[in-house]
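Converting from the sequence shown to my numbering requires adding 2 to each position, the first position being numbered 1. Ideal placement from N, C-alpha and C gives every residue a C-beta, glycine not left out. Keep in mind it's a predicted model, so treat the numbers as computed, not measured. Have a look at the structure below before the remarks.
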Amino acid sequence: MTVPTLGTLSGRKLITDLQSFGLQIGEDIGGIARKGGAGPSDHKTITIAGQTVMVPVYTSGARRSPFQASPPDRSGASTLLRDGQTLGTIHFPAAPRFYGLSTVDGIPYWKIALLHGRDTLATTVHQTCIRYADRRTSCQFCAIGQSLEADRTIAYKTPAQLAEVAKAAVELDGVRDMVLTTGTPNVVDRGAAVLAESARAIRAVVNLPLQVQCEPPRDHGWFQRLREAGADSLGMHLEAATQAVREKIMPGKATVSVDRYMDAFASAVPIFGRGQVNTYILAGLGDSAADILALAERLIALGVYPFVVPFVPISGTPLETHVPPSAEFMKSVLAPLGRMLREANMKSTDIRAGCGRCGACSSLSAYEQ
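Now the structure itself:
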């Protein structure tokens, strides 16, 4: 039997559906996985209709998903099924070559930085946060400590380690950009200092576009310092659209209000450029589609790219049983948001580095077309 190839339009719908439902497949199958940690977690990477995306596989919802994938063949090809009916072929990319290397002191490169999507390298420089240990202040969806506890990463990645791994990832696997994020180490620079130090070390050894991600520092002068250190784009993540939802879901982080984020965005855009400042918005935490789109309109007017992704409940967190957004809800947000971005001529393809450029955690980029 010939398995059909998924086209672009059917692929866009399937990506949205898969990222809402998740995918049933054995945990030891497929080349690139992400379990626990600070970034997109409990996922595997797949390529579908020419787009490489992250799809939930380790969540409780994924175990009930109508989507199943057959064990991939030696090339990584797998048959995607929905309720037992064949839909087409997907691929599980092989693990990158730099994963097989270690530092001189024996730390595997994959504990320092991971491949996200097709060609984005990502790391959490500080795998700790001042709010994480206290559930009265922690973000209820966060699993930043899980990968550390499971010995899948190290607590602090030095600038030298990051530079070494970044250089190898570019030379061996053609990585095109890198994301440097961090748990919040203090309430003053909020991680900007360690990000600047890391960016400077990486750019000294390899010409790799970088995005740095942190909460808004008190001193907006850090935006210029980060740019001068080699950062090409900046991520400051609101996570939720309304202050009420932020206070409920992330009580500590919500002390930095939406208005303070907007002030920080207004300061950062002239330094990094229109579309080069991004914010992550998790759809499904309690904001309505209208709430998310209203915020997106304000952000786009400022020159900020709103990267909207479906919330994925991570095992072991207070929100592990939270119901993720439906595919219909995501389409009700992404379709009009894609039009807004198109009309504003602000597209993911123009972002120099970061989550918006990678696009693997959302089908938003497909709605921009």
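- Between the alpha carbons of V127 and G86 lies a gap of roughly 42 Å.
- The continuous beta strand (DSSP E) containing K46 extends over residues H45 to I50.
- Going by DSSP, A71 is part of the beta strand (DSSP E) stretching over F69 to A71.
- In the DSSP assignment, L182 falls within the beta strand (DSSP E) that extends over D179 to T183.
- Residue burial is scored here from C-beta neighbours: A157 has fewer than 16 other C-beta atoms within 10 angstroms and is therefore classed as exposed.
- Just measuring C-alpha positions, the residue of S72, G358, T18 and Y101 sitting nearest A115 is Y101.
- In chain order, E199, S200 and A203 place their CB closer than 6 Å to the CB of P161, counting only its own chain and leaving out the 5 sequence neighbours on each side.
- Annotation: the region 256-328 contains the following complete segments of the beta strand (DSSP E) (minimum length 3 residues), in chain order: 279-285 and 306-312.
- With respect to L228, L197 sits close: the two C-beta atoms are nearer than 8 Å.
- For A168, the enclosing alpha helix (DSSP H) has its first and last residue at P161 to D175.
- In the structure shown, Q21 falls within a helical segment according to DSSP collapsed to helix, strand and coil.
- Between G254 and T281, the CB-CB gap reaches or exceeds 8 Å.
- Looking at the backbone, the Cα of I353 and that of Q278 are separated by about 6 Å.
- Between H93 and A355, the alpha-carbon positions lie close to 24 Å from each other.
- The criterion of a C-beta distance shorter than 8 Å is not satisfied by A368 and G119.
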